[in-house]
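Scroll down for the structure; my scribbles are underneath it.
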Amino acid sequence: MTAPLAPAFYDRPVVDVARELVGCHVRHEGVSGRIVETEAYHFTEPACHAYAGVTPRTRVLHGAPGRAYVYLSYGIHSLLNAVCEADGVGAAVLIRALEPLEGLEQMAARRGRDRPRELCNGPGKLTQALGIGLGLNGSALDGPLAILPPDGPPPRLAVGERIGITKAVELPWRFCDAGSNCVSAPRLPLPTA
DNA sequence: TAAACGATGCCCT
DNA sequence: GGGCATCGTTTAC
Numbered sequence: 088m089t090a091p092l093a094p095a096f097y098d099r100p101v102v103d104v105a106r107e108l109v110g111c112h113v114r115h116e117g118v119s120g121r122i123v124e125t126e127a128y129h130f131t132e133p134a135c136h137a138y139a140g141v142t143p144r145t146r147v148l149h150g151a152p153g154r155a156y157v158y159l160s161y162g163i164h165s166l167l168n169a170v171c172e173a174d175g176v177g178a179a180v181l182i183r184a185l186e187p188l189e190g191l192e193q194m195a196a197r198r199g200r201d202r203p204r205e206l207c208n209g210p211g212k213l214t215q216a217l218g219i220g221l222g223l224n225g226s227a228l229d230g231p232l233a234i235l236p237p238d239g240p241p242p243r244l245a246v247g248e249r250i251g252i253t254k255a256v257e258l259p260w261r262f263c264d265a266g267s268n269c270v271s272a273p274r275l276p277l278p279t280a
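Going letter by letter, the first sequence gives residues 88 to 280 in the numbering used here.
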């Protein structure tokens, strides 16, 4: 059984963590997937919730690294982030897509869909598939909800601009495994070998 | 009290 | 495959 990533892993520049999280696994109560898409957010740029300073909602985001920051989007979807950098900084990696690994049936039941590709190919979809809700906001990422080190071959990393935001769109802080078909749209081209 | 902020799903071509 | 309609919370005024 593999040990989850320790809090120290997250206590580093958020862009580095975002890049290295591609290929890692997210597991919640026996249901898991391989991370194929992430985005970095830092309090110094306006697309980050921490940009506005500490508010009731972003308290966890400004807290200790290695914990889950879960927030509601569109009033419906829970989005999963991993808090990074030192305690008090305000930075996180948004997990945008997974490739299903364990508990496919559970995922399909929660999602109301069967095709594996549609189970976790979006930030709101993967939280629904894994059963991650706002109740997990602030919880450590080495407990019932955990992120585990990568196994198998390294991903074909593609870098691009973040999506779904209106500010600081030019920052190349989106990382994908270009070899996966579970990445949320728009797909990124393979890196030029 | 009011405006801003997003991801998904369905209907269409 | 692509475009359009949808909701609730948070923060600012």
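Glycine included, each C-beta is placed from N, C-alpha and C at the ideal position.
Please read these numbers as outputs of a predicted model, since none were measured by experiment.
Cβ-based neighbour list, residue i, same chain, cut-off 8 angstroms, excluding 5 preceding and 5 following
i: Leu191; result: Pro203, Leu206
i: Ala173; result: Asp98, Pro152
i: Val118; result: Glu189, Gly190, Gln193, Met194, Ala216, Leu217, Gly218
i: Lys254; result: Glu132, Pro133, Ala134
i: Arg198; result: Glu205, Leu206, Lys212, Gln215, Ala216
C-alpha distance - residue i paired with residue j, whole-angstrom precision
i: Ala227; j: Ala233; result: 8 angstroms
i: Met88; j: Ala105; result: 24 angstroms
i: Asp103; j: Pro237; result: 15 angstroms
i: His185; j: Gly175; result: It should be noted that the sequence gives Leu, not His, for residue 185. Computed Cα separation, rounded: 28 angstroms.
i: Val101; j: Pro94; result: 13 angstroms
i: Asn208; j: Gly266; result: 14 angstroms
i: Val157; j: Cys171; result: 14 angstroms
i: Asp201; j: Ala137; result: 36 angstroms
i: Cys135; j: His129; result: 6 angstroms
i: Pro143; j: Cys269; result: 33 angstroms
i: Asp229; j: Pro91; result: 5 angstroms
i: Arg243; j: Glu107; result: 12 angstroms
i: Pro187; j: Val123; result: 10 angstroms
i: Ala169; j: Thr145; result: 13 angstroms
i: Val256; j: Ala139; result: 17 angstroms
i: Tyr161; j: Gly251; result: 12 angstroms
i: Phe96; j: Arg154; result: 11 angstroms
i: Ala196; j: Pro231; result: 20 angstroms
i: Val141; j: Gly239; result: 39 angstroms
i: Val180; j: Val109; result: 11 angstroms
Top-ranked residue by Cα proximity to residue i, from the options
i: Cys263; options: Val141, Gly218, Cys111; result: Cys111
i: Leu223; options: Pro100, Asp98, Pro94, Glu116; result: Glu116
i: Leu235; options: Phe96, Pro94, Pro100, Val113; result: Val113
i: Ala245; options: Arg261, Ile252, Asp238; result: Arg261
i: Leu217; options: Gly239, Gly251, Ile182, Glu248; result: Ile182
i: Pro241; options: Arg121, Ala139, Glu126, Arg146; result: Arg121
i: Leu213; options: Pro133, Pro231, Leu167; result: Leu167
i: Ala178; options: His149, Pro231, Ile252; result: His149
i: Gly247; options: Ser271, Pro231, Gly239; result: Ser271
Contact set for residue i: own chain, Cβ-Cβ below 7 angstroms, skip 5 residues either direction
i: Leu159; result: Ser165, Leu221
i: Thr279; result: The predicted model places Thr279 with a pLDDT of 31, which falls under 50 and marks its position as unreliable; any figure quoted below should be read in that light. Cβ neighbours of Thr279 beyond the five flanking positions: none.
Identity of the residues DSSP links to residue i by a beta bridge
i: Ala184; result: Glu124
i: Asp264; result: Leu244
i: Cys306; result: No statement about residue 306 is possible, as the shown extent of the chain runs from 88 to 280 and does not include it.
i: Ala178; result: His129, Cys171
i: Glu189; result: Ser119
Neighbourhood of residue i by C-beta, 6 angstroms cutoff - its chain only, sequence neighbours within 5 removed
i: Gly211; result: His164
i: Arg249; result: Glu126, Trp260, Arg261
i: Val147; result: Tyr156, Asn224, Gly225
i: Leu258; result: none
Near the ligand ATP: residue i beta-carbon under 7 angstroms from a heavy atom
i: Asp229; result: This structure lacks the ligand ATP, and indeed carries no ligand of any kind.
Tell me the start and end of each unbroken beta strand (DSSP E) in the region 217-249 that is at least 3 residues and wholly inside, in chain order. 232-235, 244-247
Contiguous alpha helix (DSSP H) assignments of at least 4 residues, all confined to the region 90-168: 94-97, 101-108
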